[in-house]
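Single-structure report; data block below.
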């Protein structure tokens, strides 16, 4: 495993294949999470700061200290067009680590959006800029620039492991991490899953029951489900 | 009391009188809760998944197991046009029990909406379908189909007792349960309450104080409220 | 310090200078909080009940008892045009202390909006009336009128001290309290801060890094930040 | 179902058979909950106020109003020796509804202990008195006596339905409700379950694996569990 | 009001009269809170780190920054024998601000104990030292020494205002703040209250009901409480 | 990185060097976390189920499904004497995954204790057995055996990455993970840190201030801390 730690910046990271990232960007988080085998989901307390926020890109990872956003400035230099910044924190901290000025800077570097296990502010501006942010809180409280964290080390963000270059996808259903090596495979599995769902959708819309479509009646009866008249 | 338990489906339930349900559908949750004598309210952690969601109908009740949505498929068969599905869980579980495919199926059966003490996903699709859902969480995590629960037994959902056929009303203020036997009486009391509020509203809008309109000055003084100049 | 306590109403309060209030109303909560030296912020659990809510005005303070909104009626009489009502509670209570009827009354008295460390209801009506409310919960549960609290005594609301007449500013980023004596000074500091940010914004938008603009490279290196190739 | 509502006291209730209560008192909450078929458990936020608290008895039920303990005094008169008082609240309220004076009164009436979906105080005294209390919070904040609730109506306490006379059992693992009609049956099933566990315990202690004792290897393999060497 | 702010230490504070502090130390938090008229209580999330912790003394106040305990070292110099350190934070932060080394230092200066709206660590050592600590969390995460806060300015700690020199009393029921000017009066009222409770306790122990002792039957009937036979 | 996923058991894992594990077992969690450079700490919501619980050993990792403890039985076979079982879950789930029977089985295999991001039950028995458990909840609710998870894959438990064989140390201050490769180095750094603290403790006990001992007065003054007389 790549070494983690405090006080480190890694300028050279391996990003997921851009074609696989583009392919993944076609799918929703719920679909991708299923297609991956149901791993890699962040905790649902991360929520979009403005409705319709959505992002998909390789991760520049950040490890923040509580109430301190210095490493976000360090991360800005590591952003390549299309990247997503993923910021974890060494502890639970809901201060406003990020706002409109940093969003302006990140966007100028080509950043697609932010996932942060912390708070953000200037939410009206972020909505107006249409800059996608997934955060655990909104908080006007600003931060200091006093203590080192790291950039582009593996981090655990909202209970999910994220390595630099892994693909992070977020929408209204949550945030999922696709290991960079698996990006193409997961995109293919997502496509297959979605194709499969379309025919199910049509049958359900026509009134067929899942009980019949999925063949559930037998297994339910075998486990003892009983239909009672009172 | 009707027996509760695991592994039971009751196809024959007594729904509240449709006229009473229609009458109740004219009122907000806060009004109905007051008109009932302030009982029957679910905990406020249930929130609408998309703004303007609103529903009113007889309950098809479901008892789920954690991380398992099998019984929602069993429930689909028990839905009659206008019904609301109310899903409790044997424990606290915020997984995504319900999404766009089940919403398609439920709507095809005539379901008006869902109240669930659990999580849901595909929230952008649910909003686009305008399918009303009141839930405790949004979560991309899917569920399995492995363990029996029940359908149409009395359940406790978000701290309120719901029997099959009881009327469930939900809007932006919360979710309230009206026992089926009381539906007509509560609708009448709601109408009375609302009529009564209209005249109060006009007087308050004209600048009359509640202190005077409600005759509060005497009782306040009797309890010792004192007006001080510093 | 002004004495606090239960069962007291103070009709004569000293409001912040209206010019200073008007000046403050030009700035966002995050800016004002920074300009004050990062004190006076309420806890971030207070959230706007409808998007785009925003308020700025001198506080009429209320100390509520749990599940009892009597003192809001007492407060209505103390409102002067432009005031904001700030309601604390002697304990944590998320009942619906405030709804559309009280909003109608408050507005008739000239009230600009409400900040409440408790719950509110009739949220669809409040949105339609465009009456700004910042609250800790939405809850259809009504309240009684049985126990005395106070009006226009110093209160602690969501962990911030508010004295009657202090300026309260709220927007999507949170709620901040400016002591009435500091209102003009804080407005001036806010203006200065905002002017200063405009030039930074332009440089960041042009691609300059915060690392360079703020001169961070030296201090980071001094603390030992190291750039590693793997 | 027995009617619920506000402002009612029912002096005549049907308590579970004392022999069944005595039989149930031999078992832990986890065992009883399993023996009942895994229903009837209160939410785990109810915790014993002092370690080793344990109780088992028929319920005198109380419906409290927030911040108001009047109905606990009304309930005291309804206690018969061996009863457990179960206090729900019309809303979430963590004030200190109960303390050493009420415990003295309850004990004088023969009460075995208290389960309350609210707060309590005087916890050092309660421990010294060895009076078992299961509560959601400890809070020095006292309550008023101003608003009616009810005694001996069905209540929902911490998400479980409790009717007067039902058996309530609580220990360090939680609180479970046994419907009075099922008390004897559940006691018998608990005894059977416990007997069955003793032989399992011995085999596990001797080093036999659950995989073998429960015959799990086949079903696990059938579902596709694979043992990998790296 | 005394000015608050960041970056200030006030060596000269006015402590409550030592006799009044000694008198208050005889009473529990619940009694003192009642005797004060039910104001001044901290939020109940502050809990004793080890059982039987108890403290009563004049406050040395501290305003911390998140994840930064520098000001606790500054505060150590301001401690006089018998003082209690009360540490608020500019934001919610549960890091371990305090442990055994600081407890050793504080005790050497005569400190009686700590109340902190943050986390602490070394809890086994603190218990062994019998050093009373009331905190919101236990957390092994250490803190930095990088950013200024203040010492001996008024702070809001767990939603209660504390000025330097005010008396802080804490036990298993919670933490209450007595303004230094009211210390003697509140001690006297506490003594009166406790004397009054002794006779009530005896009557309740003898089986008299609160309904009769407090004369509640009339008021309950007046509000409409009805006793029903089913 | 070792691959993670569902439905996998890895019998051959590399455990940390036993000498390093033994060395680490001499130190507390707070010390080890500092010695590691302040990484690897689990979230503080994991708490010991009985006081004085403490453990240190190589991890057998488990990935559970919500409400399903099947994989704990699979894990039992993988335990070697001295191991600690670390159980993560694919979602937040507070059911009682573990109780006295499994503890009996784990102990028979040589297991030292359990760290689980979930609930446990039979807590009185666990205390009596003196079997150390660190969990997020106590819950009598049992679990099923229906869905595959994994054993000995890397897991994220309470926001910390744990690979099989890493050393997990837990005491009353929390739970920390030491990567197996770093175990000896961290033990050495812990010893050094502890030696260093002993001399500080003595000086602080003698009344020397941290301000002087750590040379803080200069840096504080440089940042502008000012001592004010009122």
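Protein chains in written order, with our numbering: chain X, 245 to 474; chain U, 245 to 474; chain W, 245 to 474; chain L, 245 to 474; chain A, 245 to 474; chain G, 245 to 474.
Ideal Cβ positions, reconstructed from N, Cα and C, are used throughout, including at glycine.
Since this is a predicted model, take the numbers as computed values, not measurements.
As a quick exercise: from G:294, G:338, G:261 and G:419, pick the residue whose alpha carbon is nearest that of residue 380 of chain G. It is G:338 whose Cα lies nearest to the Cα of residue 380 of chain G.
Just reading off the alpha helix (DSSP H) that residue 397 of chain G is part of, what are its end residues? The continuous stretches of alpha helix (DSSP H) do not include residue 397 of chain G, and DSSP gives it neither H nor E.
Mind checking if residue 250 of chain X is an interface residue toward chain G, Cβ cutoff 7 Å exclusive? For residue 250 of chain X, the answer is yes, since a Cβ of chain G falls inside 7 Å of its Cβ.
Taking C-beta pairs closer than 8 Å, name the residues in chain A that residue 392 of chain L reaches, listed in chain order. Annotation: Cβ neighbours of residue 392 of chain L in chain A (cutoff 8 Å, chain order): 464, 467, 468 and 469.
Answer with buried or exposed for residue 440 of chain A, where buried requires no fewer than 16 other C-beta atoms within 10 angstroms of its C-beta. An exposed status is given to residue 440 of chain A, since fewer than 16 other beta-carbon atoms sit within 10 Å of its beta-carbon.
Which ranges would you report for the alpha helix (DSSP H) in the region 300-368 of chain A if only whole runs of at least 4 residues count? Those alpha helix (DSSP H) runs which fall completely within the region 300-368 of chain A and span 4+ residues are 314-320 and 344-352.
Going by DSSP in three states, residue 451 of chain U sits in which element: helix, strand or coil? The answer is coil: DSSP assigns residue 451 of chain U none of H, G, I, E or B.
Can you grab the Cα-Cα spacing for the pair residue 245 of chain U / residue 311 of chain X, in whole Å? Caution is warranted here: a pLDDT of 46 is assigned to residue 245 of chain U, below 50, making its placement in the model unreliable, and no coordinate value can be reported.
Residue 385 of chain U at chain G interface by Cβ criterion, 7 Å: The beta-carbon of residue 385 of chain U is placed less than 7 Å from the nearest beta-carbon of chain G.
Could you check which residue in X:366, X:305 and X:359 has the C-alpha nearest to that of residue 272 of chain W? Answer by Cα proximity: X:366.
So which of U:413, U:253, U:402 and U:470 has the shortest CA-CA distance to residue 323 of chain U? Minimum Cα distance to residue 323 of chain U is reached at U:253.
Less than 7 Å between CB atoms is the rule here; does residue 430 of chain L satisfy it with respect to chain W? Chain W contact via Cβ: absent.
Taking Cβ to Cβ, would you say residue 384 of chain U is nearer than 7 Å to residue 358 of chain X? Taking 7 Å as the Cβ cut-off, residue 384 of chain U and residue 358 of chain X do not qualify as a contacting pair.
Candidates X:415, X:400 and X:414: which alpha carbon is nearest residue 408 of chain X's? Scanning X:415, X:400 and X:414 for the CA closest to the CA of residue 408 of chain X turns up X:400.
Going by DSSP, what residues sit across from residue 378 of chain L in a beta bridge? Answer is L:292 and L:359.
With a threshold of 7 Å between beta-carbons, can residue 339 of chain W be considered close to chain L, or not? Judged by the 7 Å Cβ criterion, residue 339 of chain W is in contact with chain L.
Alpha carbon to alpha carbon, what distance is there between residue 370 of chain G and residue 448 of chain L? One C-alpha to the other measures close to 15 Å.
Contact under 7 Å by Cβ, residue 377 of chain W with residue 364 of chain W: For residue 377 of chain W and residue 364 of chain W, yes; Cβs fall inside 7 Å.
Does the beta carbon of residue 454 of chain G sit closer than 7 Å to a beta carbon anywhere in chain A? By this cut-off, residue 454 of chain G is an interface position.
Tell me the DSSP bridge mates of residue 471 of chain L? The beta-bridge partner set that DSSP reports for residue 471 of chain L consists of G:253.
I'd like to know whether the C-beta of residue 264 of chain X is nearer than 7 Å to at least one C-beta of chain G. Chain G, which has no Cβ nearer than 7 Å to the Cβ of residue 264 of chain X, makes this no.
Is DSSP giving residue 279 of chain U helix, strand or coil here? Assignment of residue 279 of chain U by DSSP, reduced to helix, strand and coil, places it in the helix class.
Kindly confirm or deny that the region 420-429 of chain A and the region 347-357 of chain L touch, where touching means at least three C-beta pairs closer than 8 Å. Taking a cut-off of 8 Å on C-beta distances, the region 420-429 of chain A does not touch the region 347-357 of chain L, as fewer than three cross pairs fall below it.
Cα-Cα separation, residue 306 of chain X to residue 342 of chain U: Roughly 34 Å separates the two Cα atoms.
Along the chain, where does the beta strand (DSSP E) that runs through residue 414 of chain L open and close? Its beta strand (DSSP E) spans residues 411-415.
Counting only Cβ-Cβ distances shorter than 8 Å, please list the residues of the region 412-436 of chain U near chain X, keeping chain order. Here the close residues number zero.
Do residue 299 of chain X and residue 244 of chain X have their beta-carbon atoms positioned less than 7 Å apart in this structure? No answer is possible for residue 244 of chain X: it lies beyond the span of chain X, which begins at 245 and ends at 474.
With a CB to CB cut of under 6 Å and the five nearest residues on each side skipped, what residues in its chain are close to residue 259 of chain W? Excluding sequence neighbours, residue 259 of chain W sits near 302 and 409.
For residue 418 of chain U and residue 368 of chain W, what's the separation of their Cα atoms in angstroms? Cα to Cα, residue 418 of chain U sits roughly 12 Å from residue 368 of chain W.
Can the beta-carbon of residue 403 of chain U be found closer than 7 Å to that of residue 313 of chain L? Not in contact: residue 403 of chain U and residue 313 of chain L (Cβ atoms no closer than 7 Å).
Under 8 Å Cβ-Cβ, which residues of chain A neighbour residue 336 of chain X? What residue 336 of chain X touches in chain A: 338.
Can you tell which of X:288, X:375 and X:295 has the C-alpha that lies nearest to the C-alpha of residue 329 of chain X? Closest option to residue 329 of chain X, Cα to Cα, is X:375.
Which two residues bound the contiguous beta strand (DSSP E) that contains residue 406 of chain A? Where residue 406 of chain A is concerned, the enclosing beta strand (DSSP E) stretches over 404-406.
Would residue 275 of chain L and residue 438 of chain L be called neighbours here (beta carbons separated by less than 7 Å)? Residue 438 of chain L sits close to residue 275 of chain L, with the two beta carbons spaced by under 7 Å.
Distance, residue 416 of chain A Cα to residue 382 of chain L Cα: When rounded, the distance between both Cα atoms is 8 Å.
Where does residue 260 of chain U fall in DSSP's three states? Reduced to three states, the DSSP call for residue 260 of chain U is coil.
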